[in-house]
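Undergrad: 3 is the number of the first residue of the sequence shown in the working numbering; add one for each residue after it. Positions of the beta carbon are idealized from the N, C-alpha and C atoms, including for glycine. Keep in mind it's a predicted model, so treat the numbers as computed, not measured.
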Amino acid sequence: MGIKDKVSNEAENMKGKAEEVAGKMTDNERLEAEGKMDQASAKAKKAGEKAKDSMSDAKDAAKDAIRR
């Protein structure tokens with residue numbers, strides 16, 4: 003996962019946490035729900051990036067094994 007992706011995902015996650023807390027404090031259910039959705043979205047993107055990285059690592063390992 004590139005640093006840009008990591009920063010973007012973490013920013014989205016933190017924004018979601020802030021929205022969730024603000025929604026709870028103001029009894030704004032919509033804002034709270036939006037915050038939770040932003041957090042879930044960031045988590046899903048992070049999982050996707052990790053899977054992509056794992057596949058890339060496996061591909062590199064397979065190439066190295068073939069070269070030996």
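(1) Are D40 and E12 close, meaning C-beta to C-beta below 7 Å?
(2) Could you tell me the boundaries of the alpha helix (DSSP H) in which G25 lies?
(3) Drop a sphere of 10 angstroms on the beta-carbon of A44, count the other beta-carbons inside from all chains shown, and report buried for 16 or more, exposed for fewer.
(4) Identify which residue in K54, D7, K65, V23 has its Cα closest to the Cα of G37.
(5) Rounded to whole angstroms, what's the CA-CA distance from E21 to D66? Just pull it up for me.
TA: Quick answer:
(1) The sequence position of residue 40 within the sequence shown is 38, counting from 1. The sequence position of residue 12 within the sequence shown is 10, counting from 1. No, the pair does not count as a contact, with Cβ atoms beyond the cut-off.
(2) Counting from one through the sequence shown, the residue named residue 25 turns up at place 23. Annotation: the continuous alpha helix (DSSP H) that includes G25 extends over 5-27.
(3) Here residue 44 corresponds to residue number 42 of the sequence shown, with the count starting at 1. Counting Cβ neighbours within 10 Å, A44 comes out buried, since at least 16 surround it.
(4) Translated into the one-based positions of the sequence shown, residue 37 becomes position 35. Of the candidates K54, D7, K65, V23, the one whose C-alpha sits nearest the C-alpha of G37 is V23.
(5) Here residue 21 is taken as the residue at index 19 of the sequence shown, counted from 1. Here residue 66 is taken as the residue at index 64 of the sequence shown, counted from 1. C-alpha separation (whole angstroms): 46 Å.
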